[in-house]
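Sequence order for the protein chains is G and S. Sequential numbering of the first sequence, starting at 1, is according to my numbering. Sequential numbering of the second sequence, starting at 1, is according to my numbering.
Protein chains: 2
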Amino acid sequence: MELINDDVELRELQATDLELLMAWRSNPILYEWFYDQAGPLHWEEHYNWWINRRNRKDWIIVFNGEFKKRDVGSVNISMLNSDYPEIGIFVGEISLWGKGIAQKALEIAIEYLKNEKYSGATARVMNENIRSNNLFLKSGFNKVGMNEKGEELYKLTF
Amino acid sequence: MELINDDVELRELQATDLELLMAWRSNPILYEWFYDQAGPLHWEEHYNWWINRRNRKDWIIVFNGEFKKRDVGSVNISMLNSDYPEIGIFVGEISLWGKGIAQKALEIAIEYLKNEKYSGATARVMNENIRSNNLFLKSGFNKVGMNEKGEELYKLTF
Numbered sequence: 001m002e003l004i005n006d007d008v009e010l011r012e013l014q015a016t017d018l019e020l021l022m023a024w025r026s027n028p029i030l031y032e033w034f035y036d037q038a039g040p041l042h043w044e045e046h047y048n049w050w051i052n053r054r055n056r057k058d059w060i061i062v063f064n065g066e067f068k069k070r071d072v073g074s075v076n077i078s079m080l081n082s083d084y085p086e087i088g089i090f091v092g093e094i095s096l097w098g099k100g101i102a103q104k105a106l107e108i109a110i111e112y113l114k115n116e117k118y119s120g121a122t123a124r125v126m127n128e129n130i131r132s133n134n135l136f137l138k139s140g141f142n143k144v145g146m147n148e149k150g151e152e153l154y155k156l157t158f
Numbered sequence: 001m002e003l004i005n006d007d008v009e010l011r012e013l014q015a016t017d018l019e020l021l022m023a024w025r026s027n028p029i030l031y032e033w034f035y036d037q038a039g040p041l042h043w044e045e046h047y048n049w050w051i052n053r054r055n056r057k058d059w060i061i062v063f064n065g066e067f068k069k070r071d072v073g074s075v076n077i078s079m080l081n082s083d084y085p086e087i088g089i090f091v092g093e094i095s096l097w098g099k100g101i102a103q104k105a106l107e108i109a110i111e112y113l114k115n116e117k118y119s120g121a122t123a124r125v126m127n128e129n130i131r132s133n134n135l136f137l138k139s140g141f142n143k144v145g146m147n148e149k150g151e152e153l154y155k156l157t158f
């Protein structure tokens with residue numbers, strides 16, 4: 001299965017991407033939307049996350065835009081041992097927000113799960129994150145509740 | 001000449017580093033110290049900077065720290081057609097600030113210019129940037145004035 005949607009494609013995260021992923025995730029403009037992060041990442045926690053991750057896949061979002069293909073964000077699917085894995089997504093190149101890149105990447109992730117015969121997908125989005133809430137609604141997810149951290153819970157059944 | 005100082009080394013910036021450099025430079029915790037930047041970078045300006053740069057060298061700072069070597073920041077030397085080129089430096093991995101990485105990288109840049117038979121080096125630092133002002137003072141630079149943008153001007157004669 002090719003993980004391509006128009007000018008967006010996903011490639012699997014590698015150890016050589018860790019600095020870029022860390023740089024994106026250390027930007028307060030981005031991490032203000034992560035309920036569990038209050039400051040820039042530390043290498044030790046980031047590297048430990050990398051070597052200990054289980055039941056999930058991580059990809060880099062590659063955008064075939066101006067001048068040359070480039071890495072612009074990340075998609076992950078976790079809880080791969082459940083029927084409804086959870087999709088997480090962010091565009092790390094902040095000036096690209098609002099251009100539809102995340103939606104195309106999300107569509108690829110959904111296709112991947114359909115292809116792997118899962119029953120559906122879930123997502124968690126901070127209540128105040130209007131852009132991200134709209135993304136999942138537009139892609140067919142339904143709001144199914146809110147958890148104690150103030151995250152909206154989304155579910156899509158294939 | 002090997003560009004190594006203890007656990008810090010410099011390698012030349014390549015096109016494949018552009019996303020990482022952009023991610024670091026798009027972090028407000030960092031760019032609040034750049035007098036000429038008010039928001040995250042745009043790819044077009046960043047890429048144009050890359051293909052149009054002249055009279056300068058750019059390196060990635062590689063830190064041989066925990067777990068594996070990693071990219072943590074950047075050093076540049078501009079105005080290479082003058083007797084006193086200008087050194088710019090930042091550590092993009094924000095949680096590494098205060099660990100002496102920038103000073104070791106600066107020492108390598110100074111050695112490089114000495115080796116190339118330049119007369120000395122200059123630097124510009126925003127007045128409010130105490131950390132960076134201390135870095136250049138500790139490395140032997142002298143304050144020689146301030147420009148109209150509020151940047152302290154530093155000079156070191158070899």
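The C-beta atom is built at its ideal place from N, Cα and C for all residues, glycine as well.
- Taking 7 Å as the CB threshold, P85 of chain S stays off the interface with chain G.
- The C-alpha of I101 of chain G is placed about 7 Å away from the C-alpha of V8 of chain G.
- Residue range W43 to N52 is occupied by the alpha helix (DSSP H) that includes W43 of chain S.
- The beta carbon of L153 of chain G lies closer than 8 Å to those of T122, A123, R124, K143, V144, G145, M146 and N147 in the same chain, with the five residues before and after it left out.
- Taking a Cβ-Cβ cut-off of 8 Å, W59 of chain S has no neighbours in chain G, whose nearest Cβ is about 15 Å from it.
- When CB distances to chain G are screened at a threshold of 8 Å, the residues of the region 10 to 36 of chain S falling below it are A15, L18, E19, L20, M22, A23, W24, S26, N27, P28 and I29, in chain order.
- Rounded to the nearest angstrom, the gap between the Cα atoms of G73 of chain S and A23 of chain G is 10 Å.
- If only uninterrupted alpha helix (DSSP H) runs of at least 4 residues are considered, those enclosed by the region 90 to 144 of chain S are 101 to 115 and 130 to 138.
- If you check the CB distance, K104 of chain S and N5 of chain S come in under 7 Å.
- Within chain S, not a single residue places a beta-carbon under 7 Å from that of G98 of chain G; the smallest gap is close to 13 Å.
- By the rule that beta-carbons nearer than 7 Å mark a contact, F67 of chain G touches chain S.
- By the CB criterion at 7 Å, S139 of chain G and L106 of chain G fall inside the cutoff.
- Rounded to the nearest whole angstrom, the CA to CA distance from H46 of chain G to E93 of chain S is 12 Å.
- The secondary-structure analysis by DSSP pairs K57 of chain S across a beta bridge with S:I77.
- In this structure, E86 of chain G keeps its C-beta atom at 7 Å or more from the C-beta atom of M126 of chain G.
- Note on geometry: alpha-carbon atoms of L80 of chain S and N134 of chain S lie some 24 Å from one another.
- Counting other Cβ atoms within 10 Å of its Cβ, S119 of chain S stays below 16 and is therefore classed as exposed.
- Burial check for D36 of chain G: the Cβ neighbour count within 10 Å stays below 16, so the residue is exposed.
- In the structure shown, D7 of chain G adopts coil according to DSSP, grouped into three states.
- Listed as beta-bridge partners of Y154 of chain S by DSSP are S:A123 and S:K143.
- For the 7 Å CB-CB criterion, L20 of chain G and E44 of chain S do not form a contact.
- Close CB contacts of L96 of chain G within its chain, under the 6 Å cut and outside five residues either way in sequence, are with V72 (chain order).
- Contact residues of the region 35 to 50 of chain S toward chain G are P40, L41, H42, W43, E44 and Y47 (C-beta to C-beta distance below 7 Å).
- In the displayed model, E32 of chain S falls within coil according to three-state DSSP, outside both helix and strand.
- For the pair I60 of chain G and L13 of chain G, the CB atoms are nearer than the 7 Å cut-off.
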